[in-house]
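Notes follow once the structure below has been shown.
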Amino acid sequence: MSQSSRKKLLLMGRSGSGKSSMRSIIFSNYSAFDTRRLGATIDVEHSHLRFLGNMTLNLWDCGGQDVFMDNYFTSQKDHIFKMVQVLIHVFDVESKSINKDMETFVKSLTNLRKYSPDAKVFVLLHKMDLVQIDKRDELFSIMMEKLQKISNPYSFKLVGFPTSIWDESLYKAWSQIVCSLIPNMNLFNSNLLKFNEVLEAEEIILFEKTTFLVISSTSTMQQQQQQQQQPEATLDPKRFEKISNIIKTYKQSISKLRTGFTNLIIRGSNGTHFYVDVLTNNMFIMIILKDTDANTNYVSNHEESMILENIRAARKDFEKIENSR
Amino acid sequence: MEATVMQDPRDRSATILLMGLRRGGKSSICKVVFHNMQPLDTLYLESTSKPTTEQFSSLIDLSVMELPGQLNYFEPTYDSERLFSSVGALVYVIDSQDEYLNALTNLSMIIEYAYSVNPRINIEVLIHKIDGLSEDYRLDAQRDIMQRTGDELLDLGLEGVQVSFYLTSIFDHSIYEAFSRIVQKLIPELPSLENMLDNLVQHSAIEKVFLFDVNSKIYVATDSSPVDIQTYEVCGEFIDITIDLNDLYVDESAKDLTRTTKPLKSVSHLSNGSLLYLGQMIRGLALVALVRYEEDKLDGSLAIIDYNVNQFKKSLMKMWDGARLNR
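Just so you know, the protein sequences line up as chains A and B, in that order.
With my numbering, letter number 34 in the first sequence gets 34, and the count goes up by one each step, no holes.
With my numbering, letter number 81 in the second sequence gets 1081, and the count goes up by one each step, no holes.
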């Protein structure tokens, strides 16, 4: 059990492409501004991160200067590339020497093919904020096409994300990366759908506790089930990342009072109710409810405690799933 | 001051004059504060302007008077005399990162003049740009500046003048805090608001309560317990978080006018046994409170707070209605 729950993640890319900044923002509560203080990473920096309780992420942040890079591909290659679950390769969109970037990417793919062929490969096109807004999509698709082409011989399926530390795209990329590592996702999902049936909520979102990355949500599952339908037009498609961002800001803000928070209830302006509460030791749940009945100020007071009671009841089930791993 | 307002309705008793040597940071303060001021302006235009004398076209007018670095050039003409007499507060900005002896002589001269024209003027000194100083040095600088100003005023025979000092920086909340206090001094009707808040605090186990203007980070009133800057920051940020989350789920298509928007309300339990409470009041005001509760009495005390806050809101509305009738 413990063996399978250790995940090795390689974070690679040329020097200055923003690898350590990413790591610090997602896992160490840095703000985007704070990352300026980070210096160059020397060789490989290991960090062990507990995620969802019994899952340990071993994040190998590999310094990207040429000296180190050459080392990785020659003397250290079996040490670095063995038992890798995920390779995250970061490309700087402003990089002058794209060919060299590609070269290192191909080199790491070759080694990965040899030592851990089952690894998942993610590419992040980083520092997207430096590109004009109307050109971002085009640049992203061109780069992805190119990368897919050069990685075809190695039979890896690439998943790519445009990212920037200055907006919420970083959270989106990382929550997808991390979710690909969670073993019993389906159990979580089916239970979440059941819970949603009970509550008749607008949507329910699950977050990891320390990083506040989105693990799962009901609306995306429903979308997958009815694929052909047009995506819902009304809600902000980036809302999950924004919520992650907002709540992390909140956590940082109340850390000034030297405390954390256990729940947050908001009664919104157009009849929407928000409940953010602890679900298990490692997860937060967020429930969004729409008021069907207008002018019910009195009733909703009772509703509030009922929803909280419901969450309390659901807690046991989710804890069971979590511990079954 | 109020008497002059009666005579000339265009006179505004709550005008703030921002002064200081060049490059002291006045215009930046202006930008930051002006930006925050607008919602507050509308508040006092229409809502709780209970005394009828208090009718401004805007609450705060910041006019930046650029002063030359050399004192000798400064010879107030008739115009500045009128300016000083119509002003409620004089805010003097001292750049704490620069040599400030010049600024201090300049300050005492301005005080002497302003006081002779308008003895009721509030004199506020911002020891500005403290973000560049280390913690220890800040207090030293403040003590030094206070000492020297006091000496200068004594030499001029003006020991009765009240001068308040603030350590400020636009990069944290200190400038908002300072301006909150300056603004509060200018509105003599605020004690009634403060009394109401004190009442609220006494009867609902609240530790600290602020009446915030939602769009700015300035608090219009608070209860009489001392303000802890961290509590203030957290409360201000709590408003942002509530609004941001709420906005994500307000769909554009459903924004028709038939549905009345309900007042925002949010409650957050913290793990150290306290609670952040936000209730939307009238006209873009929000009440944010930090509550400490006992574990077993939670449900009851929350209901009491809800009820009391509602009462507070009702009395606010009454004040506002009364102000409209009186006009």
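All C-beta atoms, glycine included, are put in the ideal place defined by N, C-alpha and C.
This one's a predicted model, so the numbers in the text were calculated from it and none came from an experiment.
Asked	Found
Cα-Cα separation between S1169 (chain B) and E1177 (chain B), rounded to whole angstroms	10 Å
Three-state secondary structure assigned by DSSP to R14 (chain A)	coil
Residue closest to M55 (chain A), alpha-carbon to alpha-carbon, out of A:K82, A:S97, A:D34 and A:L9	A:L9
Buried or exposed by the 16-neighbour rule on C-beta atoms within 10 Å, applied to G260 (chain A)	exposed
Contacting residues, own chain, Cβ-Cβ under 6 Å from D129 (chain A) (five flanking each side not counted)	S164 and W166
For L1248 (chain B) and S1274 (chain B), believed in contact at Cβ under 8 Å, the rounded distance	Rounded, the Cβ-Cβ distance is 26 Å, inconsistent with contact.
Contact set between I1241 (chain B) and chain A, taken where Cβ atoms lie within less than 7 Å	I246, T249 and Y250
Inter-residue spacing [alpha-carbon to alpha-carbon] between M306 (chain A) and R1181 (chain B)	42 Å
Sequence-distant residues of the same chain with beta carbon closer than 6 Å to F318 (chain A), five excluded per side	L279 and T280
Cβ-based neighbour list, D1198 (chain B), same chain, cut-off 8 Å, excluding 5 preceding and 5 following	D1223 and S1224
Euclidean distance between Cα positions of G1292 (chain B) and D61 (chain A)	Checking the displayed sequence, the identity of residue 1292 (chain B) turns out to be Arg instead of Gly. Rounded to the nearest angstrom, the two C-alpha atoms are 43 Å apart.
Same chain, Cβ closer than 7 Å to R315 (chain A), five either side skipped, listed in chain order	L279 and T280
Touching by the beta-carbon criterion (3+ pairs, under 8 Å), the segment 121-141 of chain A and the segment 33-44 of chain A	no
Beta strand (DSSP E) runs wholly inside the segment 59-124 of chain A, at least 3 long, in chain order	86-92
DSSP three-state assignment for Y1219 (chain B), whether helix, strand or coil	strand
Close-in-space but distant-in-sequence residues of the same chain around N245 (chain A) (CB under 7 Å, 5 per side omitted)	E168 and Y171
Those residues which DSSP pairs with F207 (chain A) across a bridge	A:V214 and A:F284
Helix, strand or coil at G1025 (chain B) [DSSP, three-state]	coil
For N1272 (chain B), the nearest candidate out of A:L52, A:S255 and A:H126 (CA to CA)	A:S255
Distance, I1127 (chain B) Cα to L1059 (chain B) Cα	Any reading at L1059 (chain B) must be qualified, since the residue scores a pLDDT of 39, below 50, and its modelled position is unreliable; no value is offered.
Cβ of E202 (chain A) within 9 Å of any chain B Cβ	yes
Own chain, CB closer than 7 Å to T104 (chain A), minus 5 neighbours either side, in chain order	R14 and M69
Residues that DSSP places opposite D1213 (chain B) in a beta bridge	B:L1285
Within the segment 1079-1134 of chain B, ranges of the alpha helix (DSSP H) (whole runs, at least 4 residues)	1101-1117
CB contact below 9 Å: I287 (chain A) versus chain B	no
Same chain, Cβ closer than 8 Å to S24 (chain A), five either side skipped, listed in chain order	Y30, D34, T35 and L38
Buried/exposed call for Y1137 (chain B), threshold 16 Cβ in 10 Å	exposed
Cβ-based contacts, 9 Å cut-off: residues of the segment 1260-1277 of chain B near chain A	T1260, T1261, K1262, P1263, L1264, K1265, S1266, V1267, S1268, H1269, L1270, S1271, N1272, G1273, S1274 and L1276
Alpha carbon of D78 (chain A) to alpha carbon of Y115 (chain A), nearest angstrom	7 Å
Which of helix, strand or coil DSSP assigns to N263 (chain A)	strand
Chain A residues whose Cβ lies nearer than 8 Å to that of N1246 (chain B)	I266, G268, S269, T272 and F274
Opening and closing residue of the beta strand (DSSP E) in which G1160 (chain B) lies	Segment: none, G1160 (chain B) is in no beta strand (DSSP E) and carries neither H nor E.
Contact with chain A by F1238 (chain B), beta-carbon distance below 9 Å	yes
DSSP state of L1197 (chain B) mapped onto helix, strand, coil	helix
Residue interval of the beta strand (DSSP E) (run including T1015 (chain B))	T1015 to G1020
P162 (chain A) (DSSP reduced to helix, strand or coil)	strand
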